[in-house]
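Last residue of the sequence shown: number 1595 in my numbering, and the count goes up by one each step with no gaps. Using N, Cα and C, we set each Cβ at its ideal position, and we do this for glycine too. These numbers come from a predicted model, not from an experiment.
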Amino acid sequence: MPHSDAASPATKALARAKVKHTLHAYDHDPSNRHYGEEGVAQLGFSADVMFKTLVVHLEGSGVRTPLAVAVVPVSGMLDLKAFAAAMGAKKASMAEPDVAQRATGYIVGGISPLGQKKKLPTCVDSSALDHDVMLVSGGRRGLSVELAPADLIRVIGATTAAIAD
């Protein structure tokens, strides 16, 4: 298993918070740009319990910060209208990859909702609460973290809403 012993900001954040979690490492194929689907195929978990972390640009009067994070199942797509409403914004659009990387300190395909460089407002799709465990990026391509949804939400101070379709 590659890199399973190397700590990332995400795994350090979980250790600091004393959250029970399991790391799952796999060999990432650099030519594969479908990171979530690759994790599902490599690790054998359902696409309903594996979640992707997306950085979103928000616009509108009630917006505290122009960037926010959406955590949605690999099996679904982010509903930008629902996400904007959940975050109190008028409009939401996907952030450019370089903007997402600068704000989080992670590379696309390895962006974790945990241990980000800048603490961004985060909303986890409420479907996470239907499961005992969920998986999110461990902070690099080829590393996932399995943990209880309530623990993730608590550690990152996230809200939940139906933001995936």
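- DSSP places F1513 in the helix class (H, G or I) of the three-state scheme.
- Contact annotation: M1564 and L1582 have beta-carbon atoms nearer than 9 angstroms.
- For A1440, the secondary structure class from DSSP, reduced to helix, strand or coil, is helix.
- If you draw a 10 Å sphere on the C-beta of S1476, you find fewer than 16 other C-beta atoms in it, and that means exposed.
- Assignment of S1556 by DSSP, reduced to helix, strand and coil, places it in the helix class.
- Here the C-alpha atom of A1588 lies approximately 16 angstroms from the C-alpha atom of P1496.
- Note that the stretch 1445-1454 touches the stretch 1567-1576; at least 3 beta-carbon pairs, one per stretch, sit closer than 8 angstroms.
- Relative to the Cα of Y1456, the nearest Cα in the group S1438, R1463, R1571, R1584 belongs to R1571.
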